[in-house]
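These notes are about the structure you will find just below.
There are 2 protein chains.
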Amino acid sequence: MTGHEARLACRSGAISGSTANIANGYVQGNLAVLPGDLADEFLLFAQRNPKSCPIIGVSARGERSIPELGVDLDIATDVAGYRVWRHGEVVEERLEVGDLWRDDLVAFVIGCSFSFEAAMLEDGLPLRHVEMDVKVPMYRTSIPCAPAGRFAGPMVVSMRPLKPAQAIRAVQITSRFPSVHGAPVHLGLPEMIGIRDIGRPDYGDAVTIASDEIPVFWACGVTPQSVIAAVKPDFAITHAPGSMLITDRRNSEFAVL
Amino acid sequence: MTGHEARLACRSGAISGSTANIANGYVQGNLAVLPGDLADEFLLFAQRNPKSCPIIGVSARGERSIPELGVDLDIATDVAGYRVWRHGEVVEERLEVGDLWRDDLVAFVIGCSFSFEAAMLEDGLPLRHVEMDVKVPMYRTSIPCAPAGRFAGPMVVSMRPLKPAQAIRAVQITSRFPSVHGAPVHLGLPEMIGIRDIGRPDYGDAVTIASDEIPVFWACGVTPQSVIAAVKPDFAITHAPGSMLITDRRNSEFAVL
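From first to last, the protein sequence lines are chains E and P.
Under my numbering, the first residue of the first sequence is numbered 44, with each subsequent residue one higher.
Under my numbering, the first residue of the second sequence is numbered 44, with each subsequent residue one higher.
Have a look at this one:
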């Protein structure tokens, strides 16, 4: 299935829920739709925090297309699941948001770890949360994001346990993908970034770390979600967790080398 | 001073001893000169162990020039200090070995960590052994080299303590230099590679590791020296520790990206 075919299936409702393993090889992205008065500040926040918030596409104000991410792309219908937010709370989950669209909305699509994980798997590196069939563990850290306007807050990281030689290889592989979080931000020594108990993630599920493994941490797309929630915008739309936008771009296109 | 000027100064005796900080920017190399009956096996050993034994130049049998490393290069006079080995023991240290040269000798020049350390320093990464003005700590590991003919033995690694984010950056930087040991082979968890006491290196000097740092390990040019010594060749010549061959090649030329 191509990215375009997958979007049409999402649009018709034939695909909903998780988009993992759908249209393999095509870049998937997180969605954040904000009213115009917040959009400029959010764009600046993303520019200042490229590892946590790597933007891969932005709509023109009020537009539902993002041509650089796909032909015939309708951001209000083509995501596999949406969350509607009012005053910082999720008020609804639904499969399309066309009737909620407004002339002042701006849609941001943010790179996600699926792309670098695909590159890791292709190289034979293990992904523990995939092996255990659980969500990747994520932690709020003591690393502050660079603030912009009303947006501020700590970096959230995802964690994958690896043997040291695998961790070195993972740095090499994920460094090639700066627009989908890129290289790890930390490894070993969880307490140094404010993680008190590696066994109790703030989001997602705990995974086993063997005695010959170290935890390796990547900046995570939950960071922008969490700073947006903290601002409590009157209105916002995001993807539902795991239900991403599937684009026409290939993961390999995002490799800088 | 250029590489050529530095070699002329070594040849005349104006420079002897350590070549650290001489002709900055030019690649320096370890020297191993072996009789012809061992040279082919050693070349195969190096081919099988490129991280420990990255060869950057080989002379023709009996020749004292290595044109790819420098003009007017005489391997028997241009190294800042030599060790002469007989039956696996150092029998003499001297400043030139022209009168010992033989028609069957082959000279191998092996990339050294000075090149990747220069790239690390340029990026603002700290080198603890340089700060403490001691030799880099080196350890015999439990990682076996791939054997070739009579050559076999464990990998020797050098260690530099770094904060985790610096370690990630160091992986990126040193990955660009595969012909001078390249990326680290290990980080954290010293016991996993057979290092029982990080405070007691097998070669070089101990350095301080702060509580917010992890040890990062690179394959080391002492590996080939140690496997050569184990073979106890009738005759061999190496550089004296710290007294390297200075070439005409620039460190930046060795970056693959």
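For every residue, glycine included, the Cβ atom is placed at its ideal position computed from N, Cα and C.
On a predicted model such as this, the values are computed, not experimentally measured, just so you know.
Secondary structure of M44(P) (DSSP, three-state): coil. F85(P) and L170(P) have their alpha carbons spaced roughly 31 angstroms apart.
With contact defined as three or more Cβ pairs closer than 8 angstroms, the segment 207–222 of chain E and the segment 117–124 of chain E are not in contact.
Between V265(P) and V199(P), the beta carbon gap of about 4 angstroms places them in contact (Cβ cut-off 8 angstroms). In the three-state reduction of the DSSP assignment, T217(P) falls in the helix class, which pools H, G and I. Straight-line measurement puts the Cα of R183(P) at about 12 angstroms from the Cα of Q268(P). With the criterion set as a beta carbon lying under 8 angstroms from some beta carbon of chain P, the members of the segment 241–257 of chain E are D255, I257, in sequence order. The segment 205–273 of chain E contains, as complete beta strand (DSSP E) runs of 3+ residues, the segments 257–262 (chain order). In this structure N294(P) is not in contact with S95(P), their Cβ atoms being roughly 20 angstroms apart against a cut-off of 8 angstroms. Beta-bridge partners of R137(E) (DSSP): Y125(E). Considering only beta carbons, the part of the segment 211–244 of chain P lying closer than 7 angstroms to chain E consists of I211, V214, Q215, S218, A226, P227, V228, H229, L230, G231, L232, M235, in chain order. A208(E) has a beta carbon lying within less than 8 angstroms of a beta carbon in chain P.
When C-alpha distances from A123(P) are compared across H172(P), A66(P), A103(P), E139(P), the shortest belongs to E139(P).
A contact is defined here as three or more CB-CB pairs under 8 angstroms, and the segment 54–65 of chain P fails this definition with respect to the segment 236–256 of chain P. Taking every protein chain shown into account, the CB of E132(E) has fewer than 16 other CB atoms within 10 angstroms, so this residue is exposed.
With fewer than 16 other Cβ atoms inside 10 Å of its own Cβ, S254(P) counts as exposed.
Here H172(P) is buried: its Cβ has 16 or more other Cβ atoms, across all protein chains shown, within 10 Å. Around the beta-carbon of M175(E), fewer than 16 other beta-carbon atoms lie within 10 Å, marking it exposed.
L164(E) does not reach chain P, its nearest Cβ partner there being about 20 angstroms away, counting only Cβ pairs nearer than 9 angstroms.
In the same chain as F194(E), and ignoring 5 residues on each side of it, the C-beta atoms closer than 7 angstroms to its own belong to E84, F85, F88, V270, V274, in chain order. The shortest C-alpha to C-alpha distance from G242(E) to any of L300(E), P204(E), E165(E), R212(E) is the one to P204(E). Across the set A298(P), W128(P), I98(P), K178(P), the C-alpha of I98(P) shows the shortest separation from the C-alpha of F151(P). DSSP places S102(E) outside both helix and strand once states are collapsed to three, so it counts as coil.
With a contact defined as Cβ atoms closer than 8 angstroms, A208(P) and L77(P) miss out at about 42 angstroms.
Cβ atoms of G237(P) and I257(P) stay farther apart than 8 angstroms, at about 17 angstroms.
Residues of chain E whose Cβ lies closer than 8 angstroms to the Cβ of L300(P) are, in chain order, L300. In this structure, P197(P) places its C-beta atom within 8 angstroms of the C-beta atom of P187(P).
Nearest neighbour of Y246(P) by Cα position, chosen from G79(P), P284(P), G167(P), E106(P), turns out to be P284(P). The alpha carbon of T281(E) has as its nearest neighbour, out of N73(E), A162(E), E165(E), G192(E), the alpha carbon of N73(E). The beta-bridge partner set that DSSP reports for T281(P) consists of A75(P), R126(P).
Within the DSSP secondary-structure output, R193(P) pairs in no beta bridge. In this structure, G46(P) lies near T290(P), with their beta-carbon atoms less than 8 angstroms apart. The closest CA to that of R104(P), considering only L112(P), R91(P), L81(P), is found on L81(P).
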